[in-house]
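These notes are about the structure you will find just below.
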Amino acid sequence: MAIIERPGTGTTPVVATPQQTLGAVKRPVETKGWREWLFTVDHKKIGIMYGVVAMVFFIIGGVEALLIRLQLAMPDGQILSADKYNQMFTMHATTMVFLFAMPMAGAFANYFLPLQIGARDVAFPRINALSLWLLIIGGLVLNASWFLGGAADGGWFMYAPNSGPIFSPSHGVDFWVIGLQIAGVASLLGSINLIVTVVNMRAPGMSLMKMPVFTWMILVVQFLLVFSLPVITVALVLLMLQRSYGATFFDVSQGADPLLWQHLFWIFGHPEVYVLILPAFGIISEVLPTFARKPLFGYPFVVFSGASIGLVGFGVWAHHMFASGLGPVSVAVFSVATMAIAIPTGVKIFNWLLTMWGGKIWYTTAMNFAIGLVVLFTIGGLSGVTHSVAPSDTQQTDTYYIVAHFHYVLFGGMVFGLFSGFYYWWPKVFGKMLNEKLGAWNFWFMVIGMNLTFGPMHILGLQGQPRRMYVWTEARAGEGFFNLGFWNLIASIGSFILAVGVLFFLINVVITARSKKQAPLDPWDARTLEWLTTSPPKAHNFDRIPVVHHLDEFFHRKYEEDTATHTMKKVAEGEDLVRVEEEAADAHIHLPSPSYWPIVLSVGVGLLGLGTIYGIPMIVLGFAITLFASYGWILEPSVAEEIDFEPSNNDGNTKEIAPLG
Amino acid sequence: MDTVSPVKSLTRRISTTIAGVAGAVVLAGCAQNAPQDTWQPKGDNAQMITSLDKLVFPIAGIVGVLVSAFAAYIFVKFRDKGQAIPAQSHGKPIVEIVLTIVPALILTVVGVFTFRTIMDLAETQDTEMIINVTGQQWWWEYDYPAQADQGITQPIITSGQLVIPEDTNVLLRETSRDVIHSFWIPALNGKKDAVPGRIHLLRMQADQPGIYAGQCTEFCGLSHANMRMEAIALSKEDFAKWVANQQKPYVAPAEGTLAKEGEGVFINQCARCHQVNGIKDANGKAIISAPDENVYSGAAPNLTTLMTRNTFAGAMFDMVNQKCRADVWNAKSEEFGAKYLAGVTEECLNEKTLRAWLRNAPAMKPMYADPAKLEKTNGLYRGMPNLGLTEDDIDKLVAYLLTLK
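Read top to bottom, the protein sequences are chains A and B. Residues in the first sequence are numbered consecutively from 1, following full-length UniProt numbering. Residues in the second sequence are numbered consecutively from 1, following full-length UniProt numbering.
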């Protein structure tokens, strides 16, 4: 893209010639087709690719879940062997957490965070691309294990010493360690990138307390990642050294204490829970006000409760270990700290409900999913309170009651939030509306399927069915209405209804993609800055960097208060506002050029990681590629040379500044 | 706009879901015959936890219903009926503060009771009896140190079924020989992990004689699902009988019987790992098993009184057939002791399963017992390998095992 010279009016932009900087390898220029995606540093394209990758892994993780439910539908299931089952539940959780939930939140964050703060890209566009490609490499490494001797079989928590070389002799855990390590580096880079973006690149006038709540929640999440990921990074390095190079960090016979791993894992793992849920909270904090036609109730309370959930979230990790033998004082402290987290969470729920109070609620699919989150998350939150009570938790932990709890929180909460985001922002990203009728089918199948799948698990758990068992036995199933057989079957049937719900979404995506009908510019009468541009947004996002005066700036440019009735009346349409921006377009819009290096560097890192399994030569090769790519990266000219660009055709750039109409 | 019906069905759906879950949660406690039901305490410790549940679950339920009702009201009341866009009010701090303080107060009450229960459950001063519990892949060993006041004059080692006297404060000292396991008998107490290299304490007390089901609840590898256990509570008199039986000297089968030949097979095939206290070879020399030479965890179940237990292989299989099993499991409290102490008779033996196990154990229970796959453990098994016994050997072994009671 380089630099776009634009006169003040809507004439064709001209690509300017930058001064040649030093550098051994040319930068790629924007090209057509697959290269446009492979080498892009545009936060929007990267965001879309995050979304596609996450959706693919959502489907893979979902199929794994269906296999698990098939196995458990009947006593003594025969679908999977013990070994395959253990791999299946390990990879289901790992895939859903690291390869679906985090990247999907990353997709939303990448795409909308710069748009919401009125920026033209993230702070470090090449690092942004590197994050994406490292994530993809990490995901491939993780899942390659299926075909290279079996996947990891120690559970996503991978407790030592069961994860050691003796108890898990296949290479599955090695692939898991390397895959997560690489995906972790990707997240860490991404989090620093987004923090710098928020801190430095907000539009003039956008103070922190005028920032949209979605951006706020993403910011909180990035701080959680910055402080929690290094802990899992260390833990993974220790485990890798133990498995591949004979270290004894978790080897009890050498004096190790296996609880070390548990502490390290959960010091990361608990903040991770908030890493998963807060982006969804952010999404519905945009959706609920939009469709209730009211600002978020208690904006500062929602923001600070999000931040305090994040902060307190670092002090409750041991509630995953109430049965681990911590001693009564630790258990009591962590038990009470865990209850404390319910308070800011409750604040959020009340604020969402009060946002709708006195509103003018428009029920769209996006709104339905957001409401679904509020209700289902409340159920999950309340069951969460029942196991913050440590003595009760010693009866509940490692049973299906916990599985029920965290699926209400993560599926009913997080996934519903993400789906709300899909329906809400689809027209922004692709310029087309997802079909609302199919959306209704999508929503209702997911709500019913979700409750049928995870609701019965409350009963199963309280009736004493432990988790992570490849079979359950008739001998422990009991009789009567609450027998395990009936409710296991219901849960399995529910999981397929849920899967059909997701299928409706995929069908909707295909139908929408094939449809020719363009979305209106401001279909939801939205409130925040990302709507102050075309759909899809131009490469440079905003023709003019907006100056912000209000929380919900876009809304306040459209509406003025009637001083007599205190109701709002519309004074401008979104289209008018965007046209105003186009007419006042900036000259000299600077955008970074694409780059080869992020993807090359990622491949190098991937080989470096696999070398811990396949030996020194691969490490050397991986290191060489990484080093080469790092030098290429550093020496790369800041923009491509003029002669590298394809000759500009006369109609070529109209997309850039296409007027509305 | 066709919003009315979705709104109504949404609210209906939500309220039925909440009512269903709440109702199910309440009723789950009343269900009969679910052996691991967490809401049917049969001892003081589990009772303490249930008492706490009786405070917390109703609070959670009531809050859930109130919030849902409030939400449902909002969803209906403030739907778009063509009203004007409302005033853009940004909230009321006083409401926020109230809605922060009220939950905080409720949780403070819960927190105080929780704190007390945690401390009570950690109490060890009132211990009357100690049992060492050791987990390994995939079975539990119970080791009773000598405790004269409980009639235990010499250590007892058993597995699969934890036998305790009724109404006695037993303290389990848990550890593990390989990975982390978790000991859980829901009717008697919550779970506590058995961690290698550490000793964790867990109180056990049963109000009445009976059989209480449990299951390993920390993921421990391949056969985690099959790592079960039972706690057996006996009246004090019956417990004394049980102890006396465990401590009685070994009686070798009479010469010329099938069982005597079985003893020979046992000495050749099984005694390398499985101890039978007092067993002697042909020269009259005591045979001491050395499982640490063959098994990674360094232990295999002690089979001295195998036929006093009615399960085997980590309580995965019943040693008794369906009829006899039902007889013991459903026995009334006062009759239970006698039925349990009768042990496994020839008529009750679940011979088909026992024979299948002896024929090819790895086919019955997933284990790491394939000699080709033991590179990482220097040839040490995790679980019982296929011994290649002939049907003839199995006949003899079964006859011999039936004498171990």
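All C-beta atoms in this analysis are idealised placements derived from N, C-alpha and C, irrespective of residue type, glycine included. It should be emphasised that the depicted structure is a prediction, and the values quoted were computed from it without experimental measurement.
Item, Value
"With 16 other Cβ atoms within 10 Å as the buried cut-off, status of I288/B", "exposed"
"Close beta carbons around L374/B, own chain, < 8 Å, minus the five adjacent residues each side", "Y368, L380 and Y381"
"H458/A classed as buried or exposed, judged by whether at least 16 other C-beta atoms fall within 10 angstroms", "buried"
"Integer Cβ distance of D76/A from T473/A, believed to fall under 8 Å", "7 Å"
"Own chain partners of G29/B with C-beta closer than 7 Å, once the 5 adjacent residues on each side are dropped", "Confidence at G29/B is low in this model, with a pLDDT of 48, below 50, so its placement is unreliable and the value that follows should be read with caution. The residues are W39."
"Under 7 Å between C-beta atoms of P196/B and F336/B", "no"
"DSSP three-state assignment for F124/A, whether helix, strand or coil", "coil"
"I157/B - containing beta strand (DSSP E), residue span", "I156 to S159"
"CA-to-CA distance, H556/A to residue 434/B, given in whole angstroms", "Residue 434/B is absent from the model: chain B starts at 1 and stops at 405."
"Same chain, Cβ closer than 6 Å to residue 663/A, five either side skipped, listed in chain order", "A question about residue 663/A goes unanswered here, because the residues of chain A that appear run from 1 up to 661."
"The segment 249 to 266 of chain B contacting the segment 385 to 404 of chain B, beta-carbon criterion three pairs below 8 Å", "yes"
"Given 8 Å, three or more beta-carbon pairs between the segment 122 to 130 of chain A and the segment 33 to 52 of chain A", "yes"
"Proximal residues of chain B, C-beta to C-beta of E561/A below 8 Å", "A87 and Q88"
"Member of G315/A, G346/A, I343/A and L591/A whose CA lies at the smallest distance from the CA of A332/A", "G315/A"
"Environment of I199/B [buried if 16+ CB atoms lie within 10 Å]", "exposed"
"Coarse secondary structure for T17/A, derived from DSSP in three states", "For T17/A, the predicted structure reports a pLDDT of 41, less than 50, and the residue's modelled location is therefore unreliable. A value from the coordinates is still provided. In the structure shown, T17/A sits in coil (DSSP, three-state: anything other than H, G, I, E or B)."
"Neighbour flag for Q254/A against chain B, beta carbons, 7 Å", "no"
"With 16 other Cβ atoms within 10 Å as the buried cut-off, status of Q125/B", "exposed"
"Inter-stretch contact (C-beta, 8 Å, three-pair minimum) for the segment 266 to 285 of chain A and the segment 411 to 426 of chain A", "yes"
"Candidates F505/A, L130/A, S163/A and R514/A: closest to A595/A by CA position", "Strictly speaking, residue 595/A in this sequence is Ser, with Ala absent from that position. The shortest Cα separation from S595/A among F505/A, L130/A, S163/A and R514/A belongs to L130/A."
"Chain-ordered chain B contacts of P328/A [CB-CB under 8 Å]", "I118, M119, L121 and A122"
"Contact set for I279/B: own chain, Cβ-Cβ below 8 Å, skip 5 residues either direction", "Y250, A252, E263, F266, I267, A271, A286 and I287"
"Burial state of V7/B, where buried means 16 or more other Cβ atoms lie within 10 Å", "With a pLDDT of 48 at V7/B, under the threshold of 50, the modelled position of that residue is not reliable, and the figure given next carries that caveat. Flag for V7/B reads buried."
"Cβ-based neighbour list, I490/A, same chain, cut-off 7 Å, excluding 5 preceding and 5 following", "L452 and P456"
"Collapsed DSSP secondary structure at I545/A in the structure displayed", "coil"
"Presumed contact (8 Å Cβ cut-off) between F542/A and E573/A, rounded CB distance", "Incorrect: roughly 18 Å between the Cβ atoms, too far for contact."
"As assigned by DSSP and simplified to three states, the class of I110/A", "With the sequence shown as reference, residue 110/A is identified as Asn, and Ile is not the correct amino acid for it. Helix."
"Below-7 Å beta-carbon distance, D398/A vs any chain B residue", "yes"
"Partners in chain E for M48/B, counting only beta-carbon separations shorter than 8 Å", "Of the protein chains in this structure, namely A and B, none is chain E."
"Reduced DSSP category for S289/B - H, G, I as helix; E, B as strand; rest coil", "coil"
"Stretch-stretch touch, CB-based, cutoff 8 Å, three pairs: the segment 355 to 366 of chain A with the segment 291 to 306 of chain A", "yes"
"Closer than 9 Å at the beta carbon, the chain B residues around F214/A", "Those do not exist, as F214/A stays about 17 Å from chain B at its closest Cβ, beyond 9 Å."
"Contacting residues, own chain, Cβ-Cβ under 8 Å from V237/A (five flanking each side not counted)", "Q181"
"Which listed residue (L222/B, V344/B and Q47/B) has its alpha carbon closest to that of W139/B", "L222/B"
"Paired residues, beta bridge with R173/B - DSSP", "N132/B and L201/B"
"Proximal residues, the segment 73 to 89 of chain A versus chain B, C-beta separation under 8 Å", "S81, A82, D83 and N86"
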